[in-house]
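Below you'll find the structure, written out as structure tokens, and then a few comments.
Numbering (this note's numbering), first residue to last: 39 to 479.
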């Protein structure tokens, strides 16, 4: 097997295994009997796989040449952003932790660059694997919600979570506590962000390419004979599309059971981006021809979203007693999520104001710097800023912040409707838009 094919299969394996949290802890720090969670240094199984992928990628000329062809301004800016993070090790309060985060950031950007080098067919496989993984995560989340507990698994990297256990992410409704879906991930909000992004990818790809899969399903027997297709082809297409549709419904249910408001908002935002693109695409097609064109992607998109909307109404109807209170002001105040976010922003203001405006306090060192500034404060009360833009400003200063914003601006300019190089970019941009509320909240 040649190196390029090996790399491709390993990349597919990485995407499929991405939600798993199999990990080896290199360093755990306890302060005053409490674990400093954000000071933990660990190696995940997917980190090793990603490192192997990067090595094969760098030593395979065909892969590098493909990457160079697709190397654009977005990719170049992102690489400069990583270079800005490296020197911050020198002035970080915890240099080992900063070095660890530089490696993690480099691997993450490497994953982005490698996936960007894929062609359309390979991208479809990646999205399909993400959908499959998200559906399995959702199924596990549904079981966790119904059982109101999780099980411990070293292989999956799962910890035990009980609704009555302090520190567990739950819904607080009156005197009751409801466990939110974790899947195999560390927090329901992380699972929610993952499921929301994959759901938008699923909608985008089904609207854009799903019609091809439905081709033989919609044919009459005469049309089947004329096209050379068989009844077996129709059966396989029916099974394939039914499986993809059920996977989308499962992902939607899992997303609801995370009870992540930011993920819900992100999914709505991603769908709006797709709707805008498909709408303008259909308008453009109509203006370029006086004849009635074939069914537009916009029509297919409306059918997909309409079916998903019906499923959502059913799920929300069943779960209304737990879904609607998530938007109740009294419930929000009781759970303390807003006050925690506000406190983290105050901490960020303190860090930036302590002379860290230009270069920051060091990548991954937000909580380390707060512990240095407030040594008597309980370690459990110190969290990174719940806003990625503010967090980057605090850790990498104005320099890192500018490069990160520039990456987003150039990316948006490249991917917005009307300026996209292909439909694949628009679907990816919609998934990025889905993560925006999580980046801010």
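Each residue gets a CB set at the ideal place from its N, CA and C atoms; glycine is no exception.
Nearest neighbour of residue i, chosen from the options [CA to CA]
i, options, result
"residue 401", "287, 159, 122 and 415", "122"
"residue 394", "437, 416, 382 and 426", "437"
"residue 96", "42, 128 and 142", "42"
"residue 59", "81, 68 and 77", "81"
"residue 199", "297, 221 and 210", "221"
"residue 239", "188, 226 and 306", "306"
"residue 464", "143, 246, 90 and 40", "246"
"residue 62", "144, 73, 84 and 46", "84"
"residue 337", "285, 296, 434 and 312", "312"
"residue 114", "134, 101 and 154", "154"
"residue 364", "350, 343, 299 and 64", "299"
"residue 157", "186, 46 and 281", "46"
"residue 420", "94, 476 and 69", "69"
"residue 210", "160, 92, 367 and 191", "367"
"residue 93", "429, 478, 191 and 44", "44"
"residue 282", "345, 319 and 318", "345"
"residue 433", "359, 127 and 50", "127"
Supposed contact pair residue j and residue i - C-beta distance, whole angstroms, cut 8 Å
i, j, result
"residue 316", "residue 339", "5 Å"
"residue 151", "residue 105", "7 Å"
"residue 168", "residue 236", "5 Å"
"residue 88", "residue 145", "5 Å"
"residue 181", "residue 397", "47 Å between Cβ atoms; not a contact."
"residue 441", "residue 118", "6 Å"
"residue 179", "residue 292", "4 Å"
"residue 294", "residue 361", "7 Å"
"residue 443", "residue 111", "Their Cβ separation, rounded to whole angstroms, is 14 Å, which puts residue 443 and residue 111 out of contact at 8 Å."
Whether residue i touches residue j by CB criterion (8 Å)
i, j, result
"residue 56", "residue 171", "yes"
"residue 308", "residue 468", "yes"
"residue 382", "residue 422", "yes"
"residue 409", "residue 385", "no"
"residue 304", "residue 234", "yes"
"residue 86", "residue 176", "no"
"residue 231", "residue 149", "no"
"residue 218", "residue 226", "yes"
"residue 425", "residue 132", "no"
"residue 76", "residue 405", "yes"
"residue 508", "residue 53", "Only positions 39 to 479 of the chain appear in the structure, and residue 508 is not among them; the question remains open."
"residue 427", "residue 390", "no"
"residue 229", "residue 314", "no"
"residue 27", "residue 411", "Lying before the first or after the last residue shown, residue 27 is absent from the chain, which here runs from 39 to 479."
"residue 124", "residue 141", "no"
"residue 72", "residue 416", "yes"
"residue 79", "residue 102", "no"
"residue 287", "residue 343", "no"
"residue 196", "residue 188", "yes"
"residue 445", "residue 116", "yes"
Simplified DSSP state of residue i, which is helix, strand or coil
i, result
"residue 105", "helix"
"residue 161", "helix"
"residue 298", "coil"
"residue 364", "helix"
"residue 390", "helix"
"residue 469", "helix"
"residue 56", "coil"
"residue 66", "coil"
"residue 81", "strand"
"residue 319", "helix"
"residue 153", "helix"
"residue 44", "helix"
"residue 125", "helix"
"residue 452", "helix"
"residue 479", "coil"
"residue 99", "helix"
"residue 464", "helix"
"residue 385", "helix"
"residue 410", "helix"
"residue 166", "helix"
"residue 221", "coil"
"residue 338", "helix"
"residue 282", "helix"
"residue 226", "helix"
"residue 420", "coil"
"residue 352", "helix"
"residue 130", "coil"
"residue 111", "helix"
"residue 400", "coil"
"residue 88", "helix"
"residue 415", "coil"
Bridge partner(s) assigned by DSSP for residue i
i, result
"residue 209", "216"
"residue 191", "196"
"residue 72", "69"
"residue 61", "82"
Short CB-CB distance (under 8 Å) between residue i and chain C
i, result
"residue 41", "Protein chains in the displayed structure number just one, and chain C is not present."
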